[in-house]
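Structure record follows, encoded as structure tokens.
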Amino acid sequence: DQQVKQNSPSLSVQEGRISILNCDYTNSMFDYFLWYKKYPAEGPTFLISISSIKDKNEDGRFTVFLNKSAKHLSLHIVPSQPGDSAVYFCAASLHNNDMRFGAGTRLTVKP
Amino acid sequence: IAGITQAPTSQILAAGRRMTLRCTQDMRHNAMYWYRQDLGLGLRLIHYSNTAGTTGKGEVPDGYSVSRANTDDFPLTLASAVPSQTSVYFCASSHGVNTEAFFGQGTRLTVV
């Protein structure tokens, strides 16, 4: 039973437009949320995170939004660039370091 | 700067054999993790360790064991491999609670 769900396996956007990747979770005890980016044949790399006490965190072109009541978070990338094409994983962590991941969304940014 | 090193990078293993995947980090991180990545299922947590001497079970611990004798090393052992354990295995580490994890390059394991 996956506690972190990414229901869109793929997303395609035009260069320069906004990319919105979504993630839902079921365990209300999660208190820290992260997004990772993964290229083929490499390990995931950390992108951005948010604590459960916040509802927004921004880092350059990347913004993560958290809606605790809906148990939903999203990653906005604006403007999207071809180099952003990768698989994006949402992750959620319990306070004991138990960190769970979603199935991933493959983002393709077309020039 | 090494970060996290996994070995081997790939392995073909006969079913029923014992195999240990190695993971070493040089960042003095307290927490370490093992995940497996399967198509459509993303990354699933196998085992984790909050600090040397402690381990915990993740989502899919059956068929796997871990040990954390020191801060740097976190080996994952398959006592008797089965074909369903064919996967890409990632080791990761983090400084502590609610911090980002750093991942190794992965070990591609095929059990035949």
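Top line first, the protein sequences correspond to chains A and B.
One point on numbering: in the numbering used here, the residue at position 10 of the first sequence is 191, and numbering is uninterrupted.
One point on numbering: in the numbering used here, the residue at position 4 of the second sequence is 43, and numbering is uninterrupted.
Virtual Cβ for every residue (Gly too), placed ideally from N, Cα, C.
The structure displayed is predicted, hence computed values, not measured ones.
- Message: Out of A:Lys219, A:Ser266, A:Ile258 and A:Ile201, which one is the CA nearest neighbour of glycine 241 of chain A?
- Response: Position 60 of the first sequence, counted from the first residue, corresponds to residue 241 of chain A. For the residues A:Lys219, A:Ser266, A:Ile258 and A:Ile201, the minimum Cα distance to glycine 241 of chain A belongs to A:Ile258.
- Item | Classification of asparagine 278 of chain A by the beta-carbon crowding that lies within 10 angstroms, buried from 16 upward | Working through the first sequence from its first residue, we reach residue 278 of chain A at position 97. Here asparagine 278 of chain A is buried. Its C-beta has 16 or more other C-beta atoms within 10 Å.
- Relative to chain A, which residues along the stretch 126-147 of chain B have a C-beta separation below 8 Å, given in chain order? Here the close residues are Phe129, Ala131, Ser133, Gly135, Val136, Asn137, Glu139, Ala140, Phe141, Phe142, Gly143, Gln144 and Gly145.
- Could I get the ranges of all uninterrupted beta strand (DSSP E) runs contained in the stretch 230-268 of chain A, with 3 residues as the minimum, in chain order? 237-240, 243-248 and 253-258
- Task: Using only alpha-carbon positions, find the residue among A:Gln262, A:Asp236 and A:Ala267 that is nearest to serine 255 of chain A.
- Result: For the purposes of this step, residue 255 of chain A is taken as the residue at position 74 of the first sequence. When only C-alpha atoms are compared, the closest one is A:Asp236.
- Are any of the Cβ atoms in chain A nearer than 9 Å to that of alanine 118 of chain B? Numbered from 1 along the second sequence, position 79 holds the residue referred to as residue 118 of chain B. Closer than 9 Å: no.
- Message: Which residues in chain B have a C-beta closer than 7 Å to the C-beta of methionine 280 of chain A? List them in chain order.
- Response: As a working mapping, residue 280 of chain A is identified with position 99 in the first sequence. The contacting residues are Tyr72, Leu84 and Ala140.
- Query: From leucine 80 of chain B to arginine 67 of chain B, what does the alpha carbon distance come to, in whole angstroms?
  - Reply: Here residue 80 of chain B corresponds to residue number 41 of the second sequence, with the count starting at 1. Here residue 67 of chain B corresponds to residue number 28 of the second sequence, with the count starting at 1. If you take the alpha carbons of leucine 80 of chain B and arginine 67 of chain B, they lie about 30 Å apart.
- Reduced DSSP category for glutamine 124 of chain B - H, G, I as helix; E, B as strand; rest coil: Position 85 of the second sequence holds residue 124 of chain B. The answer is helix: DSSP assigns glutamine 124 of chain B an H, G or I state.
- Item | leucine 148 of chain B vs leucine 82 of chain B beta-carbon contact at 9 Å | On the second sequence, residue 148 of chain B is found 109 positions in, with the first residue counted as 1. On the second sequence, residue 82 of chain B is found 43 positions in, with the first residue counted as 1. Taking 9 Å as the Cβ cut-off, leucine 148 of chain B and leucine 82 of chain B do not qualify as a contacting pair.
- Query: Mapping DSSP to helix, strand and coil, what is threonine 138 of chain B?
  - Reply: Position 99 of the second sequence holds residue 138 of chain B. Three-state DSSP puts threonine 138 of chain B in coil, outside helix and strand.
- Message: What would DSSP say about valine 99 of chain B, mapped onto helix, strand or coil?
- Response: Here residue 99 of chain B is taken as the residue at index 60 of the second sequence, counted from 1. Coil.
- What are the start and end residues of the beta strand (DSSP E) that includes asparagine 203 of chain A? Along the first sequence, read from residue 1 onward, the residue named residue 203 of chain A stands at position 22. Taken as a continuous stretch (DSSP letters only), the beta strand (DSSP E) holding asparagine 203 of chain A covers 200-206.
- Message: Check this for me: beta carbons of leucine 288 of chain A and serine 193 of chain A, under 9 Å apart or not?
- Response: Against the first sequence, residue 288 of chain A aligns to sequence position 107. Against the first sequence, residue 193 of chain A aligns to sequence position 12. Yes, the pair counts as a contact, with Cβ atoms nearer than the cut-off.
- Going along chain B, which residues have a C-beta under 9 Å from tyrosine 213 of chain A? As a working note, residue 213 of chain A is residue 32 in the first sequence. Simply Val136, Asn137 and Thr138.
- Message: According to DSSP, is valine 151 of chain B part of a helix, a strand, or is it coil?
- Response: Position 112 of the second sequence, counted from the first residue, corresponds to residue 151 of chain B. Of the three classes helix, strand and coil, the one that applies to valine 151 of chain B here is coil, per DSSP.
- If we count Cβ pairs, one from each stretch, closer than 8 Å, do we get three or more for the stretch 116-132 of chain B versus the stretch 195-215 of chain A? Of all C-beta pairs linking the stretch 116-132 of chain B to the stretch 195-215 of chain A, fewer than three are shorter than 8 Å, placing the two stretches out of contact.
- Top-ranked residue by Cα proximity to leucine 115 of chain B, from B:Ala140, B:Thr94 and B:Leu78: The residue labelled residue 115 of chain B in the question sits at position 76 within the second sequence. Answer by Cα proximity: B:Thr94.
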